[in-house]
Each structure stands twice: as C-alpha cells, then as structure tokens.
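According to mature numbering (1 follows the signal peptide of the UniProt record, and there is no 0), the stretch in the sequence shown is residues -19 to -1, 1 to 121, in order.
Using N, Cα and C, we set each Cβ at its ideal position, and we do this for glycine too.
None of the values given here were measured: they were computed from a predicted structure.
Accompanying notes for the structure given below.
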Amino acid sequence: MKKLITAIFCIAMFSFVSVGCSKDDDDKDGKDGIEITTGMTWEKLVGEHPFMGNFPKYDGDIEFHQYNETFGMESVGFFDYKCDASMATGYYSKLAAAGFTVNPNAEGMYTKTIDGYELTFTGSHAAGNFGMVFACNPID
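Right, here's the structure in full:
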C-alpha cells in the first residue's frame, strides 16, 4: 500500500513539471494549471482557495503552485526548492498539532475530517526539495 501511495504521489509531482505553461495557455481565469511564481504567500493561497485555511500555515517558499478541481475534490500542490529537511519535519509537526492524523502506511500523508470534508496533506522531502499536495474532498 505504501508503494502504491508513493507511486501516486510521484506521478502527481511529476505532472507539475511535465505540463507546460506559458502566457498563451488557454487558462483565462488564472485559477487552473501551473503558475510559476515568486512572492506567492500562504495568505494569497488561502484567499484564492479558502479550503487551504483549514491547514496550518506553511512558512517556506511556495513555488510552481497548481490548483485542480476534479469531481468536487479541490487540491493545491506546490514545491519548496532548496530547503532543509527540517522544513518538512517542522510542517509535519504543525499538522499533528492541528489535529491531523498521520497515515501509518504512507509516510508524509496526514488526514483530518472537518465540517463534512476530508482534508488530506501529502508531502515528501528529497534532495533538498519539499513537494506538497493539499486536498479537500467532500464526504458523501
């Protein structure tokens, strides 16, 4: 199970870098697709995607962020490049302190149920880079 979740996470992270983006993309409203940014803040992300306010604030850099909505599930993913592993472990501690439960079968995966939604965080730190995906899925 852990290998399956890791594979899914890797595929999701790979999609961030494999999808092209340019000023000529069809994204007219600026809310879908990859946005290469400098100066993106947690507060701006919460303003654009309110479900992100249910997660603890991430204090590192937010680069290559992407928003997606599929069948009612919203997700935001981004990277923090050139960061120390302590950024990842520190954020995992923030999640636990905020009541998120670590998945014992998937390292870096945390969940929490709130107001009829399941919140899921998946993160992985490797080679000085921290990739993160935040998701909000309505519970049927």
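- With respect to Phe59, Phe45 sits close: the two C-beta atoms are nearer than 8 angstroms.
- Assignment of beta strand (DSSP E) within the stretch 76 to 102, counting only whole runs of 3 or more residues, yields 90 to 95 in chain order.
- Counting only residues of its own chain and dropping the five nearest sequence neighbours on each side, Lys75 has a CB closer than 7 angstroms to the CB of Pro37.
- Leaving aside the five residues that flank Phe81 on each side, the residues in its chain whose CB is nearer than 6 angstroms to its CB run, in chain order, Tyr91 and Lys93.
- The continuous stretches of beta strand (DSSP E) do not include Gly28, which lies in the alpha helix (DSSP H) extending over residues Trp23 to Glu29.
- Shortest Cα-Cα distance from Ala79 to any of Ser67, Leu100, Ala87 and Pro85 involves Leu100.
- Secondary structure at Gly34: helix, using DSSP grouped into helix, strand and coil.
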